[in-house]
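Following full-length UniProt numbering, the residues of the sequence shown are numbered contiguously, the last one being 396. Think of the CB as a built atom: it goes at the ideal place given N, C-alpha and C, for glycine as much as any other residue. Values in this document were obtained by computation on a predicted structure and should not be read as measured data. The structure appears below as structure tokens.
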Amino acid sequence: MIIKPKFRGFICTTSHPVGCAHSVQEQINYVKQQKPIQGPKKVLVIGASTGYGLASRIVATFGSGASTLGVFLEKPASNGNTATAGWYNTAAFETAATEAGYYAKSINGDAFSDQVKEKTIALIKEELGQVDLVVYSIAAPRRTHPVSGEMFTSVIKPIGDSFTSKTVDMNSNEIVDVTLEPASEQEIRSTVAVMGGEDWERWMHLLKEAGVLAPGATTISYSYIGPKITYPIYKEGTIGRAKDHLYATSKEINKQIQDINGKAFVAVNKALVTQASAAIPVVPLYLMLLARVMGKKGLDENCIEQMYRLLASRLYDTEKLPNGEHLIRIDDYEMQDDVQAEVSALWEKVCIGEIDIIPDLEKYREEFFKLFGFGFDDVDYEEDVREDVPIVSIKS
1 MIIKPKFRGF
11 ICTTSHPVGC
21 AHSVQEQINY
31 VKQQKPIQGP
41 KKVLVIGAST
51 GYGLASRIVA
61 TFGSGASTLG
71 VFLEKPASNG
81 NTATAGWYNT
91 AAFETAATEA
101 GYYAKSINGD
111 AFSDQVKEKT
121 IALIKEELGQ
131 VDLVVYSIAA
141 PRRTHPVSGE
151 MFTSVIKPIG
161 DSFTSKTVDM
171 NSNEIVDVTL
181 EPASEQEIRS
191 TVAVMGGEDW
201 ERWMHLLKEA
211 GVLAPGATTI
221 SYSYIGPKIT
231 YPIYKEGTIG
241 RAKDHLYATS
251 KEINKQIQDI
261 NGKAFVAVNK
271 ALVTQASAAI
281 PVVPLYLMLL
291 ARVMGKKGLD
301 ENCIEQMYRL
311 LASRLYDTEK
321 LPNGEHLIRI
331 DDYEMQDDVQ
341 AEVSALWEKV
351 CIGEIDIIPD
361 LEKYREEFFK
371 LFGFGFDDVD
381 YEEDVREDVP
391 IVSIKS
């Protein structure tokens, strides 16, 4: 079929297999051009199909020579519909890793469920023995508790008071006001249950109990703090409350794996264009201005560059490991005083109509399209392509 991008609200409902494979190969090529990392050798990535999780898997494999097992929830192609981008990403990654001689297998299912955890543990026991790095990179809108069966749905809302700010309307290309009402206590609780650290801790507990964590194993989860511009909707809102819980959980996991000399970290990453961030009011406008400033300064990093720097110069560089806090600030370039000062100045000018954001908007759209395999110059989007692409390790 000939595949074009289609949208429903903030969601792209199609993805391009050749474009996704091209994106994965670009990331692999970047890592192969860098210095090898003296890092992990057997890695479990929970949330391995897109974004930081996928980039972590690529860096571990092609930067450190690691065997990897990836867990995710993605849809294969069916009934004339394309697969999700994460499915195509994984298919391309597994093919490239296998051809290069690396172990790479995947499990497609609900990572929040105990059934998927048990299946993962069984596969580790059978084929890897133990893992020395566990990456937890789940970004999901809802979660069913594996014991109580309660369904939790996350929300993006401020806490305490309503919040009004400027944002960009992606349809009209206009700067508009947006007001968000405060979250209820139940909404806060549900967001923490989905996006906090409870499931990460359950994974680590079951992995340790099963004896599949190697001595000295490391685990890491990802977070974001951001600038004051976004505090009411992010750091001080429901997402921020969940991320506070995530960080508190890292301390508990450290206690639980201390007897095997294990360590748990939270990495605070740079803001990036993602499908999730596109749905958060205020954030797309901030991302556009941030890209302008960081690009001009030569500081901008994409997903794969961030994850390579995290593993190579933080997580597996003992001289730069955080001491005691277990918080790694890999958002350091974004949060430089000069960068934030320039972004804030641009923000004020945008809000009173003094600067044109159309070029920034077009760049943002290009990055957004690439998440789904569209917009690469080297891909012929008029070509008839096979949408039913298999993931080698997953039996249909």
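*Spatially closest choice to residue 235 from 192, 200, 253, by CA coordinates*: 192
*Report yes if the CB atom of residue 269 is closer than 9 Å to the CB atom of residue 331, and no otherwise.*
Taking 9 Å as the cut-off, the beta carbon of residue 269 is found closer than this to the beta carbon of residue 331.
*asked:* Assuming contact is defined by CB atoms lying nearer than 9 Å, are residue 264 and residue 170 in contact in what I supplied?
replied: A distance of 9 Å or more separates the beta carbons of residue 264 and residue 170.
*Per the contact definition of three or more C-beta pairs closer than 8 Å, is the region 83-95 in contact with the region 13-24?*
yes
*Rank 288, 312, 196 by C-alpha distance to the C-alpha of residue 142 and give the top, closest one.*
196
*Should residue 28 and residue 62 be called a contact, given that it needs their Cβ atoms to be closer than 9 Å?*
yes
*Verify whether the separation of the beta carbon atoms of residue 213 and residue 138 is less than 9 Å.*
No, the pair does not count as a contact, with Cβ atoms beyond the cut-off.
*Rounded straight-line distance, which links the Cα of residue 370 to that of residue 377*: Spanning the two alpha carbons is a distance of roughly 11 Å.
_Using 9 Å as the threshold, is the C-beta distance between residue 237 and residue 156 below it?_
The answer is yes: Cβ separation under 9 Å.
_Taking the alpha-carbon of residue 50 as reference, which of 86, 291, 36 has the nearest alpha-carbon?_
86
*asked:* Between which residues of its own chain and residue 397 is the CB-CB distance below 8 Å, once the five residues before and five after are set aside?
replied: Outside the shown range of the chain, which is 1 to 396, sits residue 397, and nothing can be said about it.
*asked:* Under DSSP, the beta strand (DSSP E) around residue 305 begins and ends at which residues?
replied: DSSP places residue 305 in no beta strand (DSSP E) but in the uninterrupted alpha helix (DSSP H) bounded by 303-310.
*residue 194 versus residue 154: straight-line alpha-carbon distance, rounded*: For residue 194 and residue 154, the distance between alpha carbons rounds to 6 Å.
*asked:* What does the Cβ neighbour count give for residue 101, buried or exposed, with the cut at 16 atoms within 10 Å?
replied: exposed
*Pull up the distance between the alpha-carbon of residue 257 and that of residue 210, whole angstroms please.*
Their backbone Cα atoms lie some 13 Å apart in a straight line.
_residue 174 - containing beta strand (DSSP E), residue span_ = 174-180
_Span of the beta strand (DSSP E), counted from its first residue to its last, around residue 70_ = 67-72
_Top-ranked residue by Cα proximity to residue 275, from 287, 190, 392_ = 287
_Once the 5 residues before and after residue 225 are set aside, which same chain residues still bring their CB inside 6 Å of it?_
235, 268
*Would you mind working out which of 173, 179, 252 sits nearest residue 200, comparing C-alpha positions?*
252
*asked:* So, at 6 Å on beta carbons, what are the nonlocal neighbours of residue 374 in its own chain, with the 5 sequence-adjacent residues on each side left out?
replied: 5, 16, 19
*Could you give the DSSP three-state label for residue 21: helix, strand or coil?*
helix
*Buried versus exposed call for residue 7 [16 or more other C-beta atoms within 10 Å across all chains shown]*: Residue 7 should be labelled exposed.
_Less than 9 Å between the C-beta atoms of residue 68 and residue 43, yes or no?_
yes
_My assumption, with CB atoms under 8 Å, is that residue 250 sits in contact with residue 145. Please give the rounded CB distance._
Contact flag wrong, Cβ pair sits at about 21 Å.
*Residue burial classification, residue 39 (beta-carbon count within 10 angstroms, cutoff 16)*: buried
*If you run the structure through DSSP and keep just helix, strand and coil, what is residue 166?*
Note: residue 166 maps to strand in three-state DSSP.
*What three-state label does DSSP hand residue 192 in the structure shown?*
helix
*In chain order, which beta strand (DSSP E) runs of at least 3 residues are fully inside the region 36-119?*
42-46, 67-72, 104-108
*Rounded to the nearest angstrom, how far is the Cβ of residue 350 from that of residue 175, given a contact under 8 Å?*
6 Å
*For residue 347, which residues of its own chain have a beta-carbon under 7 Å away from its beta-carbon, when the five flanking residues on both sides are left out?*
229, 289
*To the nearest angstrom, report how far apart residue 313 and residue 2 are at their CA atoms.*
42 Å
*Determine the closest residue to residue 394 out of 79, 104, 31, 41, with distance taken between C-alpha atoms.*
104
*Tell me whether residue 211 sits in a helix, a strand or coil according to DSSP, three-state version.*
coil
*Output the boundary residues of the beta strand (DSSP E) element that contains residue 144.*
142-144
_Cβ shell of residue 217 (< 6 Å), same chain only, five flanking positions each side left out_ = The residues are 132, 262.
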